[in-house]
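What follows is a set of notes on a single structure, which appears directly below.
In the working numbering, the protein residues as written are 8 to 200.
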């Protein structure tokens, strides 16, 4: 939500929807502030973040109008053998509904099952921010008391190896001590006689 200048030059409050590929709500909010901070003049506020039900996004470079496509297909349940109807939602950019229909068919042409497109509507989404490798810089560093899992596992393996090695050395030294004591006992008995 932010104040945007309209055609008459007056500021009016507008709310816009964005789609962000993120692992958590915190990451989504950080990415939105980072991406939009350079394009929106003045203050803006993220008022709501929620999960979306889109399974795929098909952007085309010639237009930035997003259309929400409802895709349905039938699959057979492996256990019961019954047919099950699956519904999924996808986004595609297009000038109009007809072009969106054509583009979704083009994008899904390699799908192995027959599908239908029963519904296409223009989406209020203004822009889609896909995941990019550079976005990892936006994430805060992990706390200093946390280590990567690979390091923790390596430490555990080193401790296990050291413990096994110490146990083997301890068993060997106990055997050596027993032999020495037995030898000392024999020497003591000889002197007493």
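In this text, a Cβ means the ideal position worked out from N, Cα and C, and glycines have one as well.
DSSP bridge partner residues for residue i (one or two, in chain order)
i: residue 78; result: 95
i: residue 25; result: 134
i: residue 100; result: 73
i: residue 30; result: Answer is none; residue 30 lacks a bridge partner.
i: residue 62; result: Looking at the DSSP assignment, residue 62 forms no beta bridge with any residue, so it has no partner.
i: residue 127; result: 76
i: residue 90; result: 83
Proximal residues to residue i (C-beta, below 7 Å), its chain only, five neighbours per side dropped
i: residue 125; result: 77, 79
i: residue 39; result: 25, 27, 53
i: residue 60; result: 96
i: residue 42; result: 136
i: residue 170; result: none
Euclidean distance between Cα positions of residue i and residue j
i: residue 96; j: residue 111; result: 11 Å
i: residue 168; j: residue 151; result: 26 Å
i: residue 208; j: residue 173; result: There is no way to answer for residue 208, as the model of the chain reaches only from 8 to 200.
i: residue 89; j: residue 159; result: 46 Å
i: residue 67; j: residue 118; result: 19 Å
i: residue 164; j: residue 177; result: 20 Å
i: residue 48; j: residue 16; result: 15 Å
i: residue 138; j: residue 155; result: 22 Å
i: residue 18; j: residue 44; result: 18 Å
i: residue 51; j: residue 87; result: 52 Å
i: residue 58; j: residue 32; result: 9 Å
i: residue 14; j: residue 20; result: 14 Å
i: residue 157; j: residue 116; result: 41 Å
i: residue 153; j: residue 175; result: 33 Å
Contact under 8 Å by Cβ, residue i with residue j
i: residue 71; j: residue 46; result: no
i: residue 56; j: residue 34; result: no
i: residue 27; j: residue 136; result: yes
i: residue 92; j: residue 84; result: no
Other residues of its chain near residue i: CB distance less than 6 Å, five sequence neighbours each side excluded
i: residue 128; result: 75
i: residue 134; result: 25
i: residue 2; result: Missing from the structure shown is residue 2; the chain here goes from 8 to 200 and no further.
i: residue 102; result: 70
i: residue 107; result: 74, 99, 101, 127
i: residue 4; result: In the structure as shown, the chain starts at 8 and stops at 200, and residue 4 therefore has no counterpart that could be examined.
Beta-carbon proximity list for residue i, same chain, < 8 Å, skipping 5 on both sides
i: residue 65; result: 97, 98, 99, 100, 110, 111, 114
i: residue 123; result: 78, 79, 80
i: residue 94; result: 77, 78, 79
i: residue 62; result: 95, 96, 97
i: residue 120; result: 80, 81, 82
i: residue 166; result: none
Proximity test, residue i beta-carbon vs the ligand FAD heavy atom, cut-off 7 Å
i: residue 161; result: Here there are no bound small molecules, and the ligand FAD is not part of this structure.
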